[in-house]
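Just below is one structure, and these are the notes that go with it.
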Amino acid sequence: MQDALLRLQQEADTDLAAISNADQLESFRVKYFGRKGPFTQLMRQLGAAPKEDRPKLGKMANELKLALQGRFDEKKVDLVGSLAAAGPQLDLSLPGRQVPQGKLHPVTQIMEEICAIFEGLGFSVAEGPDIETDFYNFEALNIPAHHPARDMHDTFYVDDSTLLRTHTSPMQARVMETAEPPLKVIAPGKVYRCDSDITHTPMFHQVEGFLVDKNVSFADLKGVLRVFIAKMFDESTAIRFRPSYFPFTEPSAEVDIACVMCGGKGCRVCKKTGWLEILGAGMIDPEVFKKVNYDPEVYSGFAFGLGVERIAMLKYGINDIRLYYENDLRFLRQF
Amino acid sequence: MKFTIDWLRQYVDFDFTPQQLSDQLTMAGLEVDAVDELYRDLEVIKVAEIIDTHPHPNADKLVLCDVMVGDEEKRIVCGAPNARKGLLTAVALPGTVMPGGFKIKKSKIRGEVSLGMLCSAKELGVSEESSGIMELNEFNAKSGQSLLEAMGLQDILVEVDLTPNRPDCASVIGTAREVAAMASTPLKLPVDEGSLPTLSGSIAFSVDVVNPEFCPRYVARRMTGIKVGPSPWWLQKRLLSVDLRPINNVVDATNFIMLEYGQPLHAFDFTTLADSKIIVRTAVDGEKFTTLDGQERTLDASMLMICDGKSPVAVAGVMGGANSEVTADSTELLLESACFDAISVRRTSRNLKLSTDASYRFERGVDPQLAPVAMARLVSLLEEIASGTVDDDGVDALVAPIVPLDLALRVSRTNSLLGTTFSADQITDFMTAIGMEVSLADDDTLTVTVPTFRVDIVREVDLIEEVARIFGYNEISTSLPVVPMSFAEQDSGRALRKEATALLTSLGCYQAINYSFVSPEHADQLGLPADDEGRNTVSLLNPLTEEQSVMRRSLLPGLLENVRRNINFQSSSVRLFEIGKVFEPVADNVQPNEENHLCVVLSGLRYGTAPELHFEQSAVDLFDIKGVGQSLLSGLRLSQIVFSDNSSVAPYVDGAETLALAVGDETIGCIAKVGKECLQKFSIKQDVYFLDINFDRITALQQASKKFVPLPKFPAVQRDIAILVPESCPASDLVEAIATKKEKLLEHVSLFDVYQGKNIKEGFKSVAISVTYRAQDKTLADKAVTKVHQRMIDLLLKKFDGHLREM
């Protein structure tokens, strides 16, 4: 019996060493560990052995089987990489189990990106009403009734003195009349103009920003906007400032960046100029300060306003502004 | 504002290429919108000479023309009445694409071969003239020459997007003045402003300015012997180049000088003026007047009118009247060159809904000094092209002498506002470059005399802008502001909104943004009763469309429209949310109440586009939306908001599947299945569940603070209870009953199954509850747990009239 066990061990070791594929592995398993395998038979023969030898032989057979099982498992690991893999083959090319996730609207994503840059520069965030008074939307911003600049704002009216704000600039007056400089504020929000075509929607989003203190200069405005554009687009994005006109800033500037589509060579997007207008800015007009009882001889400041949809269009290459408000999942999933 | 390069060169010499000019103007604040070669599609049109004509054998109205194009002879069939031997005209040869896109081919016309087409001015888009083919003999054209060259049409159109503060540049001369400053060359003006005639008013008519506050200057002269007729080509060409239709020499001259100088002008037929009088006065309320465009308009007392002895003849600064219009028979003219008040003209133009080239300029401000200059120009042009003779004298009604403005400009102020280090000399140079006169008042202060054409410059800061503009915005150095450090505050709702949006996207919802204005029909689609408060909306006076005419009261309709759209575009599993304002009118308040709401809609499959491979898909139900709500509220740590019975079920809600979201007694939102009727109205054929909550109300709540509880040192024991209770008994009441029982060893209780059906008595359900027990100071003995657990079982059996179910 003992000899039979030792022979079995030798034989098994030889067989084990010869295994080179999964099929052989399986036939080895059946041959040695199956119900009709040698161990089962040996155990059955145990009854025929002398009574005093039985425990010793039984223990020996068990140890032998365990050791063989161990070596077999090692072989199996060597051969297929893992024990489990010896079961039904796992198709690792199947997709992972992704719990569905939603996304933020691209306008929100860009708006948050813009706000984060200015928050990083220490600007507070303020919000105001969408339905504004004529006073805050126009009068307080040095746009009296019958001012030609009102033509620049196609205004939705609720009544004679109430309207949907045409820009986020009313927040300049709203914040300044309740707080004292120094002020560093951005005001994101929805604005409305009665204009609708492939490049205009009657509602869109702006971020207004302003900074008021003693000795704030146009050079500071340029510096802050340069930081913003470098972070929003690319450190190497070329910028130009050119004169423009807003009744609530003086000097007023329009800020262009080198066309992100053609790199400044000129294309359809930039109307062959190589430049894209991305924001309006300027030094806050003394008249605006007077309306909120700031002394323009003491304080100066700058303000800027940018259109969120336009920046999203440039960054993401969106070519039709109307897509923003259709909330088509095929659109929303892209960002 | 449009002009052409050739036209501009009449007044200033420069070496810039069109592109350079465009860049320079843009950088000077005159943003160039477009630079276009004029008549580019006419490059292939040639001059042809008709050397002979023959009658067409098969058509009376057609002529066979033998034409020479250079040295090539061609036979072309033509139907124009003026086709005749010796005529130089325009020809489009086969292969030419006409301005309308039509391609000329060799063809047979009524059996005769035609190798091209002889063209009228209208066919070529040169003018409206269509009575015959072009007449080019007077241009000294040569056969074979390009038409553009022959007619001097080659030119480049520049379009400037003028800001409202620069009316001085709403003219070619005004633009030339800027270019002269850039090129450092002198301006060449058609009128010598130093030798204008003195108009003393001894005249054959009278001018009475009744409202001088609206009319600071009125210059008028009479011309006689006028021959009204077509303008010379050079004049027509200028007008055509900027898309203005030539009418006759008189009207064309006034239009041309308006474009040239920026001074609107008007010519009346003198003989139509009753009593030979001009009275400048405001209208009478309700007075009727027919303008040149043939429209009868109703006037009001704020409108300034030019009147004759009896009635109005023009809306001052806006448009002339039909009653005094210059016609082909007019021989005597009263010419007007006036300055009208900007606000008055703007108000009138607005009220009449009539905007013209003249009103555009007056609204923005016209230099009062310009009136006599433009008058001199008009008189001399009409003498030249309409053989008129001007009366020796005329009227110059000037309310107050025009004194150019003197402004103090501080060097220190300039530098501190711009962040520059200019010297007084440098600033002086910048100012003189644009026509300002400068003298030194003291060490730091310059006195700057502003020319009257710069109506926009009235303050020191306006001059500072000019300093920056002339120096170049781009040349100013950059710096960063030095501001005391302070904490950057945030609007209180904003942080919570950001938290909520992050949670909702992690719950598989996409963010939607809908217009704040919606269709008033939404109220009907929601099935709101006629007297429902939700029908009280803020309406727009001037909506773009009916669909966008009222401010929304709820986010739900917009999202339902989004659901429908997505289903239509084959995305039938929709999870969308929106956080946005709704607008509620407040009586006696100018501004309505604006509140942020959050609305989530779920429809279609639970896992959307996720593969069936990993996810057992089925349609969403109420517990999906409830789960979204619970995840959201627990994520926001707002346990004070609870789900409760919805006692005010909205008409668009399925009453059997809705719960209110409440804080104490106050309902602040709900979850629900959208009712069948409402879905039908929105054309949605699958179930939709929504959550709607007043987000500003949430913002006002206190978020639970995060507090650490030490981790337990001893193991917990879990025991289950399965109990049969009457069907009507809410399962959560059982959980609640245990949870609120003050039992020291109780750690956690949760519902894990509810079952009805096979093996369960009719009218009953089986509720399975899992209870976790733990002691803080020792490992619990089985016996102790059993004792407590039995108490819990007894409690449930007694309280809910239940029976134990075999586990």
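Sequences listed follow chains R and A, in order. Here our numbering is used: the first residue of the first sequence is 88, the next is one more, and so on. Here our numbering is used: the first residue of the second sequence is 406, the next is one more, and so on. Ideal placement from N, C-alpha and C gives every residue a C-beta, glycine not left out. Since we're looking at a predicted model, the values are computed, not measured.
(1) Can the beta-carbon of E741 (chain A) be found less than 9 Å from the beta-carbon of M628 (chain A)?
(2) Pull up the CB-CB distance for F305 (chain R) and L822 (chain A), whole angstroms please, since I reckon it's below 8 Å.
(3) Distance cutoff 9 Å, beta carbons only. Does R752 (chain A) sit that close to anything in chain R?
(4) Name, in chain order, the residues that DSSP records as bridge partners for Q895 (chain A).
(5) Mapping DSSP to helix, strand and coil, what is Y403 (chain R)?
(6) Please work out which residues of its chain come closer than 7 Å, Cβ to Cβ, to H1057 (chain A), disregarding the five sequence neighbours upstream and downstream, and give them in chain order.
(7) Would A706 (chain A) and D690 (chain A) be called neighbours here (beta carbons separated by less than 9 Å)?
(8) Contact between the stretch 182 to 194 of chain R and the stretch 124 to 134 of chain R is defined here as three or more beta-carbon pairs at a separation below 8 Å; is this criterion met?
(9) What does DSSP give as the partner residue(s) for L1064 (chain A) in the beta ladder?
(10) What does the alpha-carbon distance come out to for the pair G310 (chain R) and C524 (chain A)?
(11) Measure from the alpha carbon of D848 (chain A) to the alpha carbon of each residue in A:F876, A:A791 and A:A813, then state which is nearest.
(12) Touching or not, the stretch 1065 to 1076 of chain A and the stretch 1008 to 1022 of chain A, by the rule of three or more beta carbon pairs under 8 Å?
(13) For the stretch 190 to 203 of chain R, which residues have a beta carbon sitting closer than 7 Å to at least one beta carbon of chain A?
(14) Please work out which residues of its chain come closer than 8 Å, Cβ to Cβ, to D1125 (chain A), disregarding the five sequence neighbours upstream and downstream, and give them in chain order.
(15) Would A776 (chain A) pass as a contact of R622 (chain A) if the rule is Cβ separation under 9 Å?
(16) Note down, in chain order, each residue of its chain lying with its Cβ closer than 7 Å to the Cβ of R158 (chain R), except the 5 sequence neighbours on either side.
(17) With a CB to CB cut of under 7 Å and the five nearest residues on each side skipped, what residues in its chain are close to K986 (chain A)?
(18) Is it true that the stretch 633 to 642 of chain A meets the stretch 654 to 670 of chain A, where meeting means three or more beta-carbon pairs spaced less than 8 Å apart?
(19) Runs of 3 residues minimum, wholly inside the stretch 1147 to 1188 of chain A: which ones carry the beta strand (DSSP E) assignment?
(20) Might you give, ordered along the chain, the residues of its own chain that have their beta carbon closer than 6 Å to the beta carbon of L492 (chain A), omitting 5 neighbours on each side?
(21) Tell me which residue opens and which closes the alpha helix (DSSP H) that D35 (chain R) is part of.
(22) Does DSSP classify Q1123 (chain A) as helix, strand or coil?
(23) Give me the chain R residues within the contact set of R970 (chain A), using Cβ-Cβ distance strictly less than 8 Å, ordered along the chain.
(24) Rounding to the nearest angstrom, what Cα-Cα distance links E1132 (chain A) and L1201 (chain A) in this structure?
(25) Which residues does DSSP list as the beta-bridge partners of W362 (chain R)?
(26) Between M890 (chain A) and chain R, is the shortest Cβ-Cβ distance under 9 Å, so that the two count as touching?
(27) Answer with yes or no whether the minimum CB distance from T265 (chain R) to chain A is below 9 Å.
(28) Report yes if the C-beta distance between F745 (chain A) and I683 (chain A) is below 9 Å; otherwise report no.
(29) Closer than 7 Å by beta-carbon distance: list the chain A residues that pair up with F305 (chain R), in chain order.
(30) Per DSSP, which residues does I684 (chain A) bridge with? Please list them.
(31) DSSP state of S551 (chain A), grouped into three classes?
(32) Among A:A1136, A:E983 and A:E1148, whose alpha-carbon lies nearest the alpha-carbon of I1098 (chain A)?
(33) Mind listing the chain R neighbours of P432 (chain A)? Cutoff is C-beta to C-beta under 7 Å, in chain order.
(34) Within the same chain, show all residues whose beta-carbon is closer than 7 Å to that of S211 (chain R), passing over the 5 residues directly before and after it, in chain order.
(35) Specify the secondary structure class of T220 (chain R) as computed by DSSP and reduced to three states.
According to the structure shown:
(1) no
(2) 6 Å
(3) yes
(4) R:V212
(5) helix
(6) Note on residue identity: the sequence assigns Tyr, not His, to residue 1057 (chain A). So the list reads L931, G932, V1079, G1080 and C1083, once near-sequence residues are dropped.
(7) yes
(8) no
(9) A:D1050 and A:I1076
(10) 59 Å
(11) A:A813
(12) no
(13) K190, L191, H192, V194 and T195
(14) F1157, A1173, I1174, S1175, V1176 and M1212
(15) yes
(16) L103
(17) S921, E999, E1000 and N1001
(18) yes
(19) 1151 to 1160 and 1169 to 1178
(20) I455
(21) With chain R covering 88 to 422 only, the question about residue 35 (chain R) has no answer from this structure.
(22) strand
(23) E413, N414 and D415
(24) 15 Å
(25) R:A345
(26) yes
(27) no
(28) no
(29) L822, L823, G824, A873 and I881
(30) A:D613 and A:C712
(31) strand
(32) A:E983
(33) Strictly speaking, residue 432 (chain A) in this sequence is Met, with Pro absent from that position. The answer, in chain order, is R329.
(34) K271 and V272
(35) strand
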